[in-house]
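K.L.:
Numbering (this note's numbering), first residue to last: 27 to 558.
Rendered as structure tokens:
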């Protein structure tokens, strides 16, 4: 008996769960502000070297003949317009303020030979996200969901404000990396609590809808950036809404499932009775005493038989499937964040591109809700990765003057990879045996973060050739989609519990199909023999 036996008595998604779940979805918007804020905080505007007779506030645009007179055409590349670049080694620059306003790139001259620092800033931010997913996940299991959530939230607000007042690039980058770590604490804890309180039949919907709130925050980031053109004020504005969620200390309870796992049964019973009253159902204390049994002996037994994720490499089929899954996590994440941060390189209005990039995520998640339980996890994920890869690779043949077509193909890729990214959570979870399922998911998530750490450096390739990042992302997505065709379907299948079951998972269906082919072949041969 466990908390899973209590949920049907409360209702899989009753009034109480809906209220708490909605509150838990709202912090996802805040996490989107921080995860995507760098697109505008350290946006690189058009720039050129300052001429000898100019001041720092001179106009960005000049007559081409005047520029050609002063530039010796050697040294570092500095952009003059979309179609032409002129080289000049210089220490001061004139920036175009018309698109992004005043960014951190302008304040610290992160352009030309210092443009690589932009990629480092984005990369270190995602490294913080990776570190936070590991550390705050561990704290959540030890200290509880509620305490970890508020530790993350307070840290996020403090370091978000510090980033707004950072005196130079490295202190800004370190503060932003800490903020990145806290997004894992805020979002993942809220995500886990939201899923822990609903019935199994509602978990896929609950998880997908929370991602939709992240997409709403994605689009709202554009609104902040459009009307707040100074990067320090923008950083401050993206951080302050976190103070609103401090009120959650009195509104959000501790996870009942976590309390039961820690054998704090009386506290769990009190929360269940509060939920039952809100849902207008009655659950007797005697029933809870019977269902919420003390599982200390079972926990001790499990602890003695703990397995490592490295144990999967002892089994050939399980090892091969796991390597494909880890690559899928990497390919999905590097493509998702690479496209999210690459909107400035697509041509056209970067704000419109960014809004569209966030907006296409909503139909992607709706598509998941409608198809995952009908078409199967494998069919959905593989087809989405192949579509994403194909769309992004097609940008290679788009003429430079057709910005709208490049943007459309990139957005098709973004929609498809978003759906694939949502599917890989469920699909990979169902591939691993129970004894290492959490460890397998954690390993996949780590591979994903490696992808997002690398993504900013891939985007630098746009300085060499604008479509090059999209070609790299498209190739990875296409390869991942094709490789995943070798994985077994998990829809309506009994999930593997042990390593032996994991090794044989999906083999029966293959054997049945092969036997059918062999039988048909034998029948055909026998028929031919009879004729002779």
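Cβ atoms here follow ideal geometry from the backbone N, Cα and C, with glycine treated the same way.
Computed from a predicted model, the values in this text were never measured in an experiment.
Reducing DSSP to helix, strand and coil, say where residue 473 ends up.
P.N.:
DSSP places residue 473 in helix when its eight states are reduced to three.
K.L.:
So what does DSSP say about residue 256, is it helix, strand or coil?
P.N.:
Residue state, collapsed to three classes: strand.
K.L.:
Mapping the DSSP letters down to three states, classify residue 116 as helix, strand or coil.
P.N.:
If DSSP states are grouped into helix, strand and coil, residue 116 belongs with coil.
K.L.:
Label residue 423 either buried or exposed according to how many other C-beta atoms from any shown protein chain fall within 10 Å of its C-beta, with 16 as the threshold for buried.
P.N.:
Exposed, by the Cβ-count rule.
K.L.:
Residue range of the alpha helix (DSSP H) that residue 51 falls in?
P.N.:
Note, residue 51: alpha helix (DSSP H), 41-62.
K.L.:
Excluding the 5 residues flanking residue 356 on each side, which residues of the same chain have their C-beta closer than 7 Å to its C-beta?
P.N.:
473, 474, 476, 477.
K.L.:
Using 8 Å as the threshold, is the segment 55-64 in touch with the segment 253-265, meaning 3 or more CB pairs across them?
P.N.:
Because the criterion of three Cβ pairs below 8 Å is met, the segment 55-64 and the segment 253-265 touch.
K.L.:
Beta-carbon within less than 6 Å of residue 186's beta-carbon, same chain only, minus the 5 sequence neighbours each way: which residues are those?
P.N.:
Closer than 6 Å at Cβ, skipping near neighbours: 205, 265.
K.L.:
Tell me which residues share the same chain as residue 279 and place their Cβ nearer than 8 Å to its Cβ, disregarding the 5 neighbours each side in the sequence.
P.N.:
Contacts found: 46, 172, 297, 300.
K.L.:
Go ahead and label residue 358 buried or exposed: buried means 16 or more other beta carbons lie within 10 angstroms of its beta carbon, across all protein chains shown.
P.N.:
Per the 10 Å Cβ criterion, buried.
K.L.:
Residue 528 and residue 514: beta carbons closer than 8 Å?
P.N.:
No, they are not a contact pair.
K.L.:
How should residue 152 be labelled, buried or exposed, when 16 other C-beta atoms within 10 angstroms of its C-beta is the threshold for buried?
P.N.:
By the 10 Å Cβ count, residue 152 comes out buried.
K.L.:
Counting only the same chain and skipping the five closest in sequence on each side, list residues whose C-beta sits under 7 Å from that of residue 353.
P.N.:
These residues qualify, in order along the chain: 506, 509.
K.L.:
DSSP three-state label for residue 74, please.
P.N.:
Looking at residue 74 - three-state DSSP - the assignment turns out to be strand.
K.L.:
Leaving out five residues on either side along the sequence, give the residues of the same chain with a beta carbon under 8 Å from the beta carbon of residue 399.
P.N.:
Correct list, in chain order: 230, 517.
K.L.:
Taking only heavy atoms of the ligand MN into account, decide whether any of them is closer than 7 Å to the Cβ of residue 239.
P.N.:
No copy of the ligand MN occurs in the structure displayed, which carries no ligand at all.
K.L.:
Judging by CA-CA distance, which residue of 169, 248, 121 is the nearest neighbour of residue 215?
P.N.:
Closest by alpha carbon: 169.
K.L.:
Could you say which of 410, 340, 337, 442 lies nearest to residue 385 if we only look at CA atoms?
P.N.:
The option with the nearest alpha carbon to residue 385 is 442.
K.L.:
Short check: CB of residue 499 to CB of residue 361, under 8 Å?
P.N.:
Yes, Cβ-Cβ distance for residue 499 and residue 361 is below 8 Å.
K.L.:
Once DSSP output is grouped into helix, strand and coil, what is the label at residue 86?
P.N.:
Correct three-state label for residue 86: coil.
K.L.:
How big is the Cα-Cα spacing for residue 236 and residue 220?
P.N.:
One C-alpha to the other measures close to 9 Å.
K.L.:
Taking 8 Å as the cut-off, decide whether the C-beta atoms of residue 564 and residue 268 are in contact.
P.N.:
Since the displayed the chain opens at 27 and closes at 558, residue 564 lies outside it and no answer follows.
K.L.:
Buried or exposed: residue 306, going by 16 or more other Cβ atoms within 10 Å of its Cβ?
P.N.:
Answer is exposed; the Cβ neighbour count stays below 16.
K.L.:
Go through its chain and collect everything with a Cβ distance to residue 136's Cβ below 6 Å, but skip five positions before and after it.
P.N.:
Correct list, in chain order: 143, 144.
K.L.:
Measure how close the beta-carbons of residue 493 and residue 367 come, nearest whole angstrom, since I'm counting them as under 8 Å.
P.N.:
The pair is not a contact, with the Cβ atoms about 16 Å apart (cut-off 8 Å).
K.L.:
Which of helix, strand or coil does DSSP assign to residue 128?
P.N.:
Residue 128 falls in the strand class under three-state DSSP.
K.L.:
Based on DSSP bridge pairs, tell me the residues matched to residue 244.
P.N.:
Note: residue 244 sits in no beta bridge, so no partner.
K.L.:
Pick from 78, 59, 283: whose alpha carbon is nearest that of residue 243?
P.N.:
Checked all of 78, 59, 283; the closest Cα to residue 243 is 59.
K.L.:
What's the C-alpha gap between residue 207 and residue 80?
P.N.:
For residue 207 and residue 80, the distance between alpha carbons rounds to 43 Å.
K.L.:
Roughly how many whole angstroms lie between the Cα atoms of residue 234 and residue 162?
P.N.:
So the two alpha carbons sit approximately 22 Å from each other.
K.L.:
Of all the options 126, 129, 159, 116, which has the alpha carbon lying nearest to the alpha carbon of residue 138?
P.N.:
For the residues 126, 129, 159, 116, the minimum Cα distance to residue 138 belongs to 116.
K.L.:
Distance, Cα to Cα, residue 250 vs residue 259?
P.N.:
Taking the straight line from one Cα to the other gives about 10 Å.
K.L.:
Figure out for me which residue from 202, 212, 318, 192 has the closest Cα to the Cα of residue 166.
P.N.:
Per the Cα distances, 212.
K.L.:
Leaving out five residues before and five after residue 132 in sequence, what residues of the same chain have Cβ atoms less than 6 Å from its Cβ?
P.N.:
Closer than 6 Å at Cβ, skipping near neighbours: 121.
K.L.:
Going by other Cβ atoms of all chains shown within 10 Å of its Cβ, with 16 needed for buried, is residue 387 buried or exposed?
P.N.:
Result: buried.
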